[in-house]
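The block underneath contains the structure these notes are about, expressed in structure tokens.
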């Protein structure tokens, strides 16, 4: 494992900790898209089907369990916890995420590394992760104001994707047979979705002002 | 040779 991948995994973990902290400390999930969180839970469940069949490292298995458990915990909070549930902005979170799930699954049926149950679900999870942030970005754009923790959550998620791209470049240069088109192309698409957000995040950071996204 | 390696990333 190289430093870029480790940095990517850590910023990913940090983003989830920030989100859990926000929900736990404020007992509120305002500004957070439940649809994005549900998509992430599906992403992790579909991707880590290999948890019991392919052992890579203790670190790898541990992180898989953490990602599955934390994503389910967030969805659980937003759906079941009485106070958190009340703060959910249903009217702002209108993205039709079922279409994303269907489209990604169809794409996975066509484009995969191998036509097996696990490989199709792995490809599906890669495609779905690439677009899972869309309901969150749309929600932020619709609400205009972004609170600090939600802004940091999206920032760390974007940083995680950026580090993964550096990781692939590093692996491509140092490993003789590193070619993973599905993951790399989807990863670049996913990172590009954050470009706009990053731009406004940087502006607000530079001016030391509250993050605001244009309508 | 088109054989998928194990997915070692998260």
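Chains as they are written, first to last, in the working numbering: chain A, 3 to 217; chain B, 1014 to 1023. Even glycine gets a Cβ: it sits at the ideal position worked out from N, Cα and C. Since the structure is predicted, the reported quantities are computational estimates derived from the model, not experimental observations.
Please list, in chain order, all residues of the same chain as residue 203 of chain A whose beta carbon is under 7 Å from its beta carbon, the five residues on each side excluded.
153, 157, 213
Notebook entry, point to check: When DSSP builds the beta bridges, which residues end up paired with residue 214 of chain A?
Noted result: Bridge partners of residue 214 of chain A according to DSSP: A:147.
| message | If we define contact as Cβ-Cβ less than 7 Å, is residue 12 of chain A a contact residue for chain B? | response | Output row for residue 12 of chain A: interface = no.
- Output, in chain order, the set of chain B residues within a Cβ distance shorter than 8 Å of residue 124 of chain A. 1020
Pop quiz: residue 155 of chain A and residue 68 of chain A are said to be a contact at Cβ under 8 Å. What is the actual Cβ separation, rounded to whole angstroms? Not really, about 16 Å apart at Cβ, beyond 8 Å.
inquiry  = Let me make sure I understand the geometry here. Which of A:164, A:72, A:82, A:79 has the alpha-carbon closest to that of residue 9 of chain A?
reply    = Per the Cα distances, A:164.
In the DSSP assignment, the alpha helix (DSSP H) including residue 186 of chain A goes from what residue to what residue? 183-195
Cβ distance (whole Å) where residue 1 of chain A is taken to contact residue 39 of chain A below 8 Å:
Nothing can be reported for residue 1 of chain A, as the shown portion of chain A is limited to 3 through 217.
Please return the same chain residues whose Cβ sits closer than 7 Å to the Cβ of residue 43 of chain A, not counting the five positions on each side in sequence. 73, 74, 77
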